[in-house]
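Asker:
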Amino acid sequence: MEYIQLTKRENQVMDILWKENHEMSANEIAQTTEGLSIYTVSQVLQHLLSIGYVKVSGIGKNKKSIARLYSPCISESEYISSFIKKETFEELTLHFIQNNDDLESIIKLEKLIEQKKKELNQKV
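Numbering (our numbering), first residue to last: 118 to 241.
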């Protein structure tokens, strides 16, 4: 899927949703970061809704009002990887492997590669 590049404000809102990893109201998002008013956050969320980057995932209540709760429809890695060429992916993967001293993450990567090889062999 091709993704539209986010503006600075859109990226700020998405970063908050990705980092917090739970559904949030516009007010909660605005309170999480300085420099974003509730008005700006609401406008950004409306645009992110229209392009399919976020969804209304529920209704919440804060003090006296009812608010929509938003969650991302795409992961941060999906978004970032959509702008990276295949060759760059390969270079990043090689760099990760060559410069990683964490045996656990290497084993995890190895298992993912084996699983993907099995999937691809079944398709052939």
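Positions of the beta carbon are idealized from the N, C-alpha and C atoms, including for glycine.
Please read all numbers here as calculations on a predicted model, not as lab measurements.
Spell out a yes or no on whether the stretch 146-165 and the stretch 202-218 are touching, meaning 3 or more CB-CB pairs, one atom from each, closer than 8 Å.
Answerer: No, because fewer than three Cβ pairs between the stretch 146-165 and the stretch 202-218 fall closer than 8 Å, the two stretches do not touch.
Asker: Hey, how far is the Cα of residue 198 from the Cα of residue 204?
Answerer: Their backbone Cα atoms lie some 12 Å apart in a straight line.
Asker: Going straight from the alpha carbon of residue 226 to that of residue 181, what length do you get?
Answerer: Using only the alpha carbons, I get a separation of about 48 Å.
Asker: State the Cα-Cα distance for the pair residue 223 and residue 193, rounded to the nearest angstrom.
Answerer: Approximately 22 Å between the Cα atoms of the pair.
Asker: Just checking my contact of residue 142 with residue 186 at CB under 8 Å: how many whole Å lie between their CB atoms?
Answerer: Correct: roughly 6 Å between the Cβ atoms.
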